[in-house]
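What follows is one structure encoded as structure tokens, with my remarks underneath.
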Amino acid sequence: MVSTLLTPCGRARQAVAGGHDACGGTEPTRILDRGHPRVRSVVRSIGRADREGEGPAAKVAALRRAHRWISAEVRPVYSVQEARPVSQVLRLGRGSCSQRMAVLEAVARAWGVPSRVRGLVVDGTFWYPRFPRMRRLIPDQVVLAWPEFRIEGLSRDDHTAAPWLPVSELFGGAREPRGRIGGGFTNAGPETLFEALSRTSVDWDGVAVCPASDGSCDLSAYLLADLGRFDSRDELFARYGQTLCGPARLLAEPVLGRRAAGL
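In short: position in the sequence shown from 1, add 134, done, that's this note's numbering.
See below:
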């Protein structure tokens with residue numbers, strides 16, 4: 135099968151018994167190069183995270199502000215170079231969903247908000263609606279680095295993973311029904327997972343409250359494996375590889391790296 139040949143060899147992407155936990159951190163990494171002048175300039179443009187003495191709501195509001203800035207300033211494309219440093223993504227002014235998630239992480243770390251990622255293995259069929267004529271070329275497994283942010287004082291009543299805030303709960307808790315405007319995420323058209331976060335629930339575990347008229351916020355049927363938590367996306371990709379193998383990335387990036395989402 136062509137889609138299987140596109141993925142790295144010798145990488146067993148299966149859930150580890152007992153899970154894999156991580157403390158996260160604020161340190162720069164090769165991908166999250168928050169100390170780079172270009173990243174620091176963006177952080178200044180977005181503004182401060184909070185003032186001393188302000189509660190968790192101020193940090194959440196700041197992360198939402200950063201999300202809106204990235205949505206407006208970093209054009210969504212189908213880049214397959216998931217380990218590209220954030221500074222390069224900002225230089226290009228375009229990035230994949232994964233790359234823009236990394237930008238959000240880098241900004242958070244620059245503010246002193248620790249981040250980590252949850253490694254998810256998602257069924258490639260999830261992307262069929264987006265690439266209806268290229269199904270044979272879609273990898274059978276896609277590795278997602280799903281960010282989480284540590285925010286002290288976060289309420290467990292609204293966020294079950296507190297003090298960790300999954301990016302899927304950035305604009306509302308798992309118990310809050312969302313998605314009434316425009317329905318749930320369909321993975322078709324110009325909207326990517328990154329944009330969808332601000333208007334609808336994105337649930338990989340089947341626990342979110344979806345509107346009665348639209349259950350498409352529940353994406354748990356596409357989740358093949360939960361690889362656990364990692365201190366950084368660098369660690370996740372080092373252990374399990376990126377979605378595509380190196381040769382496939384070299385061939386695909388010149389074309390997909392410039393192709394706008396929805397086209």
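Note that beta-carbon positions come from the ideal geometry of N, C-alpha and C, so glycine has one too.
Test item: CB-CB of residue i and residue j under 8 angstroms
i      : j      : result
ARG172 : LEU224 : yes
LEU121 : LEU197 : Shown here, the chain extends from 135 to 397; a query on residue 121 therefore has no answer.
ARG284 : VAL247 : yes
HIS201 : SER335 : no
ALA398 : SER249 : Examination of residue 398 is not possible in this model, given that the chain is present from 135 through 397 alone.
PHE328 : ARG199 : no
ASP155 : ARG363 : yes
THR377 : PRO273 : yes
GLY189 : GLY287 : yes
TYR262 : ARG270 : no
THR163 : ASP368 : yes
ARG168 : ARG243 : yes
VAL208 : ARG228 : yes
ILE165 : ALA217 : yes
GLN215 : ARG383 : yes
VAL251 : SER354 : no
TRP245 : ALA183 : yes
TYR374 : VAL301 : no
Integer-rounded CB distance, given that residue j should sit under 8 angstroms from residue i
i      : j      : result
ASP337 : ASP360 : Their Cβ separation, rounded to whole angstroms, is 13 angstroms, which puts ASP337 and ASP360 out of contact at 8 angstroms.
PRO210 : ALA394 : 7 angstroms
LEU127 : PRO281 : The first residue shown for the chain is 135 and the last is 397, placing residue 127 beyond what the model contains.
LEU390 : VAL256 : Not really, about 18 angstroms apart at Cβ, beyond 8 angstroms.
GLU387 : SER230 : Contact flag wrong, Cβ pair sits at about 10 angstroms.
Any non-hydrogen atom of the ligand MN within 7 angstroms of residue i CB
i      : result
GLY159 : No copy of the ligand MN occurs in the structure displayed, which carries no ligand at all.
Beta bridge counterpart(s) of residue i as assigned by DSSP
i      : result
GLY159 : SER249
GLU286 : None, per the DSSP bridge assignment.
PRO281 : VAL251
LEU299 : PHE283
ALA394 : VAL211
ASP419 : No statement about residue 419 is possible, as the shown extent of the chain runs from 135 to 397 and does not include it.
ASP176 : As written in the sequence, residue 176 is Val, which differs from the Asp given in the question. Bridge partners of VAL176: none, in fact.
ARG194 : Strictly speaking, residue 194 in this sequence is Val, with Arg absent from that position. None, per the DSSP bridge assignment.
SER276 : Rather than Ser, the amino acid found at residue 276 in this sequence is Val. The partner list for VAL276 (beta bridge, DSSP) reads VAL256.
Interface flag, residue i vs chain C, CB-CB below 8 angstroms
i      : result
GLU325 : The structure shown contains no chain C; it is built from a single protein chain.
*Along the chain, which unbroken stretches of the beta strand (DSSP E) at least 3 residues long are found entirely within the segment 346-381?*
357-364
*Is the number of C-beta pairs between the segment 213-221 and the segment 159-179 that are closer than 8 angstroms three or more?*
yes
*asked:* Give the list of continuous beta strand (DSSP E) stretches no shorter than 3 residues that lie fully inside the segment 198-257.
replied: 249-257
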